[in-house]
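Residue numbers (this note's numbering): 1121 to 1400. Take a look at the structure set out below.
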Amino acid sequence: MIEVALPSLRAWIDAMSRVEIPVLPGSVAELTQLRTIEDAKGTVDAHTLAESFASDPLMTLKVLTHVSRYCMRLSIEPPETLTGAILMQGIGPFFKAFDQVPTILDWLHDQPEALSGLIKVITRARRGAHFAMGFALRRQDEDAVVIQEAALLHDFAEMLLWCHAPKLALEIASRLKADHTIRSADIQQEVLGVQLGDLAQELMREWQLPALLIRCTDDRNANDPKIRSVMLGVRIARHTQYGWDDPHAQAALPDDVTEVAKLLNLSNDAAHRLLVGMDS
């Protein structure tokens, strides 16, 4: 476990690029069940596997990074989606590569506060991915699956922080809870010496993840409709994580609704109804 802030962004990249990535217990259960089916019948395919793990950002990240290393060795472009990554690896090699996978329950068994914090981020990521996919489908974007994946993985650096530097993650969370007006990036900079968004971008480049996935998670390219879909999905999930009637949500939502309306060419009222309907 990392107990104190590392001295530089490069030090954080070196540390986090090599860490074990624990996954949700449900993913391990699905792995076990599907392995049994594959051994008995040989009927498991890449689509079935990807569907089973599509709501687990940690398992998604684990598979994508593993396959990207494989692609690096062969000097080929990595697949952009989870299904494509599994398909490239092959069903047998996939099960072999992920034979022993730790769960977040095992990993953080003695850190209940960190486990709770991690689960909150994962829940938020799932909601963000749901919103982003909804926006992409409304826009008839051909890269809707990558947009959904990008929103799911947008905050993966925060998830890794909960897993490998829980003390620092707790400090950030407690300071944010004490003052909702402070930008999370500013607190991250104070506590960690880096911003998690910057760390995430550098880690994805270090792992050589797909270029479109890296681009779709980069908030600095906010004018691109694909990235806008991801950003708004992530932002609305964050603002409404404690409910639509939460004071923080009430303060932030008018601007969010206006931006969704602009993205989807809707009125503000129609955009608000769409968001509430998507989350119901």
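C-beta atoms are modelled at their ideal positions from N, C-alpha and C, and glycine is treated no differently. Bear in mind the structure is a predicted one, so any value in this text is a computation, not a measurement.
Along the alpha helix (DSSP H) that carries residue i, what are the first and last residues, could you check?
i: I1122; result: Here I1122 belongs to no alpha helix (DSSP H), and DSSP marks it neither H nor E.
i: D1375; result: P1367 to L1384
i: G1210; result: Here G1210 belongs to no alpha helix (DSSP H), and DSSP marks it neither H nor E.
i: S1349; result: P1345 to H1359
i: S1294; result: P1286 to A1298
i: A1418; result: With the chain covering 1121 to 1400 only, the question about residue 1418 has no answer from this structure.
i: V1139; result: Here V1139 belongs to no alpha helix (DSSP H), and DSSP marks it neither H nor E.
i: S1172; result: A1166 to F1173
i: L1333; result: A1331 to C1336
i: R1303; result: No alpha helix (DSSP H) holds R1303; DSSP gives it neither H nor E.
i: D1318; result: L1316 to W1327
Within its chain, find whatever has a CB closer than 7 Å to the CB of residue i; leave out the 5 residues flanking it on each side and keep chain order.
i: V1350; result: A1252, I1267, A1270, A1271, H1274, C1336 and T1337
i: R1258; result: L1384
i: S1137; result: L1323, E1326 and W1327
i: L1373; result: H1359
i: P1177; result: I1242, A1245, L1272, L1273, F1276 and M1279
i: N1388; result: V1377, T1378 and A1381
i: H1300; result: H1368
Between residue i and residue j, which are expected to be in contact by the criterion C-beta below 8 Å, what is the C-beta distance as a whole number of angstroms?
i: K1346; j: D1261; result: 6 Å
i: L1169; j: L1154; result: 6 Å
i: G1397; j: A1249; result: The Cβ separation is near 17 Å, so there is no contact.
i: A1293; j: L1319; result: Not really, about 17 Å apart at Cβ, beyond 8 Å.
i: E1200; j: P1330; result: 4 Å
i: D1263; j: L1332; result: 7 Å
i: I1356; j: L1395; result: 6 Å
i: V1143; j: M1179; result: 4 Å
i: A1371; j: V1380; result: A1371 to V1380, Cβ: 16 Å. No contact.
Counting only the same chain and skipping the five closest in sequence on each side, list residues whose C-beta sits under 8 Å from that of residue i.
i: A1305; result: Q1315, L1316 and G1317
i: Q1321; result: I1334, T1337 and D1338
i: I1211; result: E1158, V1164, D1165, A1166 and L1169
i: V1311; result: A1125, L1288, E1291, I1292 and R1295
i: A1298; result: none
i: G1237; result: W1282, P1286, A1289, L1290 and A1293
i: D1226; result: P1142
Spatial neighbours of residue i within its chain, please: CB distance less than 6 Å, with the 5 preceding and 5 following residues excluded, ordered by chain position.
i: T1203; result: A1166, H1167 and A1170
i: R1295; result: I1307
i: R1246; result: S1175
i: Q1361; result: R1244
i: W1132; result: L1126, V1314 and L1319
i: Q1209; result: V1187
i: F1255; result: S1349
Is residue i a contact residue of the ligand FMN, with contact defined as CB to any heavy atom under 8 Å?
i: A1289; result: The ligand FMN is not among the ligands present in this structure, which contains no ligands whatsoever.
Discussion item. Give the list of continuous alpha helix (DSSP H) stretches no shorter than 4 residues that lie fully inside the segment 1190-1278.
Written reply: Taken in chain order, the complete alpha helix (DSSP H) segments of 4 or more residues contained in the segment 1190-1278 are 1202-1209, 1211-1217, 1224-1227, 1232-1258 and 1264-1273.
Worksheet item: Between the segment 1220-1228 and the segment 1140-1149, are three or more C-beta pairs nearer than 8 Å?
Response: Judged by pairs of C-beta atoms under 8 Å, the segment 1220-1228 touches the segment 1140-1149, as three or more such pairs exist.
Worksheet item: Is the segment 1187-1196 close to the segment 1225-1236, with three or more CB pairs under 8 Å?
Response: Touching, no, given that fewer than three Cβ pairs across the two stretches are closer than 8 Å.
Discussion item. Counting beta carbon pairs with one atom in the segment 1279-1287 and one in the segment 1365-1377, are three or more of them shorter than 8 Å?
Written reply: No: the two stretches stay apart, fewer than three of their Cβ pairs being nearer than 8 Å.
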